[in-house]
Structures are given as structure tokens and as C-alpha cells.
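These notes concern the structure reproduced below.
Number of protein chains: 2
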Amino acid sequence: MTQRMPLQPALQRALDRAVAEAEKSWSEGGIPIGSALVSSDGIIVAVGHNRRVQDHDPTAHAEMVCFRAAGRRRDWSALTLVSTLSPCHMCSGTAMLYRLRQVVIGENRSFQGAEEWMQQAGIELTFADDERCVALMRRLLEERPDLWAEDIGE
Amino acid sequence: MTQRMPLQPALQRALDRAVAEAEKSWSEGGIPIGSALVSSDGIIVAVGHNRRVQDHDPTAHAEMVCFRAAGRRRDWSALTLVSTLSPCHMCSGTAMLYRLRQVVIGENRSFQGAEEWMQQAGIELTFADDERCVALMRRLLEERPDLWAEDIGE
């Protein structure tokens, strides 16, 4: 169930960065998913891309890399997570652990993560339904379905 | 709601390792929570302890460090996660992403994570209600309540 919403400029910039991160990962031979964390005043405090292949790390989804890069802090609930793809249970659980209020989802046509959980926890989801994000996943699914299956534990 | 269950020897050994990991973390100035991943034939394939303080990493809960240490693999559903404390939403979400079938919880008196979610996803929870695990958290809560609050996003 996708309801496309126009993004605020700061969130659009963050999604653009997340897309660039995803492309960077693909160029490295990795999984093309990217994320950013944005403060309430529109500053991008961290970016990241999936690093499963690059670091041999099964927890290195883009969102987790982004949370890691944001470091130790106490202002999580003021941050918005922006991701090119609907976050899985691990990444959604992390957003819930840190009581984020908003998550921006680049697309959820290729994969629908734990959206219902996040909504039940009071996280506002914003669906960008971005064609670039859809194209990133289409290429992955066509060219490296094995990597994708591994990434979501299938 | 804690229903204490006797552990199979392989799982008891894994819990003992997890407790030792937790003590190691405390001796390093870190958060005393430890985990292990055990194969269906009782082999401990990875251990880990919370590394928030040690690595300045907000995703480094013991369970996540353990998943990371287990590396890229496709046999997740045959592994059991053993942790000294009831896993939070992030760590429970990871157990769900990788379709684990069993999680052993050292104690859930100090903190109750996303147990209901895991159960709804069909994960069998085993509650050890281990006094050593309770003591580890009691000491943390008495001596470093700030660190604990940070670790669970409070």
C-alpha cells in the first residue's frame, strides 16, 4: 500500500544522498541500498550504504551503517531516517529502539519491510515512491538475485 | 511473564559463554551484556558482548556483535541466539530477519525486549532466568544507569 507524498526539501536532499550512496555501493560490487539520517533542522548527520559484500557483515544494511556512523548520541528521536528501500525488521527495530518519529521510504514496491510495526509504534512513514529507488532494486533483482536473497535471509 | 526452563547442555554452555562475554565487557568499562550463536549440533559459532562504549557504536548490542561475528551465511534458521538479557527491538528484529527458530533469554526481569514480536513470528523463546544474568544488570543499573538509558534509547 503505497501513498506517494511530496517530500520537504531537506528530506528530498537526504533521499538524493541516499540514492547516491546506493549507486556507490553498486559500483563497489555491493548491494545498492542507501540511507541518511537528518536532523529536525534539515542537517544530514550521517549517510551510509549497504556493506554486506564490502565488509562481509550481515548486519550492515544501509540503515544500520547510517545509525553506526551517527555515533553515540541522545537526540535520536529528533532524527528522521531516510532510506531508498522500505526498512527490514532489523532496521525498523532499530528505528523503534531509538524512538525515531519519522521514516522516509524511497520505495516499497520491491520489498516491504516492517512498516506496520513502525506505524504501530507511532513512527510516521512517508512514502516517496521514487523511480530511481525502484530502478536500483530492479537492477539488483535482475542481475544479483542471490545477493538480495542473502540480504533478507531467504 | 517469566517461565523458567531447564536448558539443554549445549545451550547452558552457550549461556555460560555469554555471561563470560558480559563480564569481559564490564571489565573493559562497557555494558555487561553478552551473547552467543549456537548451531543445531551444539557448536558455538559466534560470541559477542556489547561494544557501545568500546567502539562508540550505537548498534553494537551484544546480539548484533554476535550476528556480525557469524559473518555471511545462509544457515541462520538453524542457529539459536543465546543472550544474557531479553533482546531489544533491534536485536529481535535481526533474529526475525534471519528467521531464527529459537532464542534463549538469560533474564528478562531487568528489561523486557520485543519478546511478543518474536513469538508472533514463530520464534521459540526459552527463559533461563539465570541469577548471574540478573546480577550483571543489577550492578549496571546501580553503578551506570546513564549508560543503560543510552543503550535503550531512553
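Keeping their order, the protein sequence lines are chains Z and F.
The opening residue of the first sequence carries number 3 in the working numbering; numbering runs sequentially from there.
The opening residue of the second sequence carries number 3 in the working numbering; numbering runs sequentially from there.
Backbone N, C-alpha and C define an ideal beta-carbon position, used for all residues, glycine too.
Given that a residue counts as buried once 16 or more other Cβ atoms are within 10 Å of its Cβ, and exposed if not, what is residue 122 of chain Z?
exposed
Based on Cα-Cα distance, which residue from Z/7, Z/47, Z/51 lies nearest to residue 25 of chain Z?
With distances taken between Cα atoms, residue 25 of chain Z lies closest to Z/51.
Taking 8 Å as the CB-CB limit, is residue 152 of chain F close to chain Z?
yes
Beta carbon of residue 91 of chain Z, beta carbon of residue 95 of chain F: below 8 Å?
yes
For residue 72 of chain F, which residues in chain Z fall below 9 Å Cβ to Cβ?
60
Run through DSSP, which three-state label would residue 58 of chain Z get?
The answer is coil: DSSP assigns residue 58 of chain Z none of H, G, I, E or B.
Under 8 Å by Cβ, that's how I've got residue 35 of chain Z and residue 82 of chain Z pegged, so tell me the actual separation to the nearest angstrom.
With a beta-carbon spacing of about 17 Å, residue 35 of chain Z and residue 82 of chain Z fall beyond the 8 Å limit used to define contacts.
Bridge partners for residue 104 of chain Z per DSSP, in chain order?
Z/82, Z/126
Among the candidates Z/74, Z/124, Z/112, Z/99, whose CA atom is the shortest distance from the CA of residue 115 of chain F?
Z/99
Any chain F beta carbon closer than 8 Å to residue 155 of chain Z
yes
Under 8 Å, Cβ to Cβ, is there at least one residue of chain Z near residue 178 of chain F?
Because chain F here runs from 3 to 156, residue 178 of chain F falls outside it and cannot be looked at.
In three-state DSSP terms, what is residue 38 of chain Z?
In this structure, DSSP gives residue 38 of chain Z an extended state, which the three-state scheme calls strand.
Contact set for residue 72 of chain F: own chain, Cβ-Cβ below 6 Å, skip 5 residues either direction
39, 47, 48
Kindly say whether residue 139 of chain Z, judged by its beta-carbon, lies nearer than 8 Å to any beta-carbon of chain F.
no
Check: residue 63 of chain F C-beta below 7 Å from any heavy atom of the ligand MG
The ligand content of the structure shown is nil, which means the ligand MG is not present either.
Which residues, in chain order, does the segment 96–110 of chain Z contribute to contact with chain F at a C-beta distance below 7 Å?
96, 98, 99, 100, 101
Determine the direct distance from the alpha carbon of residue 145 of chain F to that of residue 19 of chain F, and round the result to whole angstroms.
23 Å
Status (buried if at least 16 other CB within 10 Å, exposed otherwise) for residue 27 of chain Z
buried
Could you name the residues of chain F that residue 112 of chain Z contacts, counting a contact when the two beta carbons are closer than 9 Å?
Within chain F, no residue comes near residue 112 of chain Z; the closest Cβ sits about 16 Å away, beyond 9 Å.
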